[in-house]
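Below you'll find the structure, written out as structure tokens, and then a few comments.
Number of protein chains: 2
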Amino acid sequence: MASTMMEPSQPNNRQLRRLETRRSLGEHALRLFRSQGFEQTTVEEIAAAAGVSTRTFFLHFPTKAAAAFPDHGERVIAFRARLSTGAPFANPLSHLRSVILAGFDSTSPSRLSRYTLLSKVPELRDEDARTDRDYEEVIAAFLVQHWGDEPEAVVRANAIANAVLGVLRATLVAAAGQGIDARAVTSEILGRMLGMPFDEPLHSM
Amino acid sequence: MASTMMEPSQPNNRQLRRLETRRSLGEHALRLFRSQGFEQTTVEEIAAAAGVSTRTFFLHFPTKAAAAFPDHGERVIAFRARLSTGAPFANPLSHLRSVILAGFDSTSPSRLSRYTLLSKVPELRDEDARTDRDYEEVIAAFLVQHWGDEPEAVVRANAIANAVLGVLRATLVAAAGQGIDARAVTSEILGRMLGMPFDEPLHSM
DNA sequence: CATGTTGGTACAGTGAGTGCAGTTAATACC
DNA sequence: GGTATTAACTGCACTCACTGTACCAACATG
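Pasting the structure below:
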């Protein structure tokens, strides 16, 4: 009966093995980064800890730093899905804000401890900023979809996307360092930044 | 009579030579990046073009990408100076905005063409984001100086700094790509983002 | 069972970046 | 003016992130 399934979502043994290798690499990478520092950890070590060859590491992650964010791809996809579905809304910016704040619920557990490491290692902050570009593109695309694609609207969409991600990065890093309620601060700042003013007619400079 | 000068600002021959080497390295780096691409250019080539050894390149720039922003250090210092001096102001955020907009005057000439290259080369975008952290620190320090250093104010200052730089980066890159008036768009967006609301009492979430 | 595909391996190579031990020439000091 | 210092630069050897290529063995699929 299983053979009648037509879903491509049924992972077979090969895919399972691949997933497991990737998971193991990510886990050992993070553990080693934490215990001996990012620079002091070589890719060779990570691969050895996961029981695979060095070359295999690079079949799973493009850079050493990327191994610290193994679920990045899925998260971006999930975020895009949350942005495009959901209740109908009048104002794209307030919808954006709601979706981002809702995302904080899934942020709490091990995510914050990752940011604790991240705030101390410049290379990982760089990697974080780099991966944030994917979110920026999603947000910019979402805004352009609502605002139209005239050059000025595109610039505006990218600027907002950058600003929003900047706020998120700064808040999460700071929150991980100290005992701040990241969600509350983000909520307030985004509320002010993205409040109604941006939905007035655009050409006002 | 020259011997009676006490200014440390009078550069001697050694310092002049160093400056000249650095300038030449930066110039050839940019030229080669443009003509053959960033990845296709090796540090060895850049150094050879400037007539120095490869080792010397790294005495001037910490990374290959840094050579595309040879005046970064001076610019940050100048920006901090502009932020801390100037006319007295009531609202730190509007002062920040004025200073940033004033900076656009010195941005026009070759700076924009640099962003044209930058918008096409991911490595240089990364480097740009990295160097932007120095500006972020300057802005955050400026805001903390006015808002106090309680944890929440610090988080807020960092968030704003990140957001402002995000807007600037996105706008400049987009402006370089298309024929947009970066200053006008930045002026409007920052105006809305940094408008008066932020100076109300802070604890309102 | 035959055949193509896929996750992983072995190996050799490139190039960025660093540590260290010089060399040369400008400068400071007496 | 002669000597000691120091600052810019060099040469060399090294590490390590990352890539291209050829290969193998397990698995999937008809």
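Going line by line, the protein sequences match chains B and F.
Last residue of the first sequence: 577 in this note's numbering, with the numbers rising by one and none dropped.
Last residue of the second sequence: 577 in this note's numbering, with the numbers rising by one and none dropped.
By construction, the Cβ of each residue, glycine as well, lies at the ideal position given by its N, Cα and C atoms.
- Between Gly-538 of chain F and Gly-538 of chain B, the gap from beta carbon to beta carbon is short of 9 Å.
- With contacts defined as CB atoms closer than 9 Å, Leu-397 of chain F and Ala-439 of chain F qualify as a contacting pair.
- Annotation: Ile-472 of chain B has no Cβ neighbours in chain F at a cutoff of 9 Å; minimum Cβ distance is about 13 Å.
- Within chain B, no residue has its CB atom less than 8 Å from the CB of Ile-449 of chain F, the nearest being about 21 Å off.
- Note on the region 423-502 of chain B: whole alpha helix (DSSP H) runs with a minimum of 4 residues are 426-432, 444-456, 464-475 and 483-490, in chain order.
- Under the DSSP assignment, Gly-520 of chain F falls outside any alpha helix (DSSP H); it carries neither an H nor an E label.
- Residues Pro-464 of the same chain have their beta carbon placed closer than 7 Å to that of His-518 of chain F, with the five preceding and five following residues left out of the count.
- In this chain, the alpha helix (DSSP H) harbouring Gln-408 of chain B covers 385-408.
- Contact annotation for Gln-550 of chain F against chain B: Pro-523 [CB-CB distance below 7 Å, chain order].
- Under the 8 Å Cβ criterion, the region 528-538 of chain B counts as touching the region 528-547 of chain F, having at least three qualifying pairs.
- Annotation: Arg-389 of chain F to Pro-434 of chain B spans about 40 Å, alpha carbon to alpha carbon.
- Assigned with DSSP and collapsed to three states, Glu-560 of chain F falls in helix.
- Counting the other Cβ atoms within 10 Å of the Cβ of Ala-548 of chain F gives 16 or more, which makes it buried.
- Check the Cα spacing between Arg-497 of chain F and each of F:Arg-486, F:Arg-403 and F:Tyr-507: the tightest is with F:Arg-486.
- From the listed residues F:Lys-492, F:Leu-431 and F:Ala-474, the smallest Cα separation to Phe-410 of chain F is found for F:Lys-492.
- A straight-line Cα-Cα distance of about 29 Å links Ser-407 of chain B and Val-526 of chain F.
- Gly-475 of chain F has its alpha-carbon roughly 28 Å from the corresponding atom of Thr-393 of chain F.
- Taking the beta carbon of Gly-520 of chain B as reference, no residue of chain F falls within 9 Å; the closest one sits roughly 15 Å away.
- Contact of Asn-530 of chain F with chain B by beta-carbon distance below 7 Å involves Ala-542 and Ala-546.
- Our two residues, Ala-421 of chain F and Asp-504 of chain F, have alpha carbons roughly 28 Å apart in a direct line.
- Between Leu-490 of chain F and the set F:Glu-416, F:Glu-522 and F:Val-545, the nearest pair of CA atoms involves F:Val-545.
- Within the model, the alpha-carbon separation for Leu-404 of chain B versus Arg-395 of chain B is close to 14 Å.
- Within chain B, no C-beta atom comes less than 8 Å from the C-beta of Leu-496 of chain F; the nearest is roughly 13 Å away.
- Leu-402 of chain F counts as buried, since no fewer than 16 other beta carbons sit within 10 angstroms of its beta carbon.
- Below the 7 Å Cβ cutoff, chain F contributes Asp-498 as neighbours of Arg-502 of chain B, in chain order.
- For the region 407-438 of chain F, there are no residues whose beta carbon sits under 7 Å from a beta carbon of chain B.
- Comparing alpha-carbon positions, the option among B:Gly-567, B:Gly-423 and B:Arg-483 lying closest to His-444 of chain B turns out to be B:Arg-483.
- Of the residues assessed, Phe-461 of chain B falls on the exposed side of the cut-off, its CB having fewer than 16 other CB atoms within 10 angstroms.
- If you draw a straight line from the Cα of Thr-488 of chain F to the Cα of Gly-551 of chain F, it comes to about 11 Å.
- Separation of Val-536 of chain B and Glu-509 of chain F (C-alpha to C-alpha, rounded to the nearest whole angstrom) is 18 Å.
- Around Ile-511 of chain B, no beta-carbon contact reaches into chain F at under 7 Å, the shortest distance being about 11 Å.
- Residue state for Thr-414 of chain B is assigned as coil, using DSSP reduced to three classes.
- Closest in C-alpha terms to Thr-558 of chain B, from the list F:Glu-524, F:Ile-449 and F:Ala-450, comes F:Glu-524.
- Here the alpha carbon of Gly-567 of chain B sits roughly 30 Å from the alpha carbon of Arg-452 of chain F.
- Secondary structure at Gly-551 of chain B: coil, using DSSP grouped into helix, strand and coil.
- The three-state secondary structure of Gly-567 of chain F, taken from DSSP, is coil.
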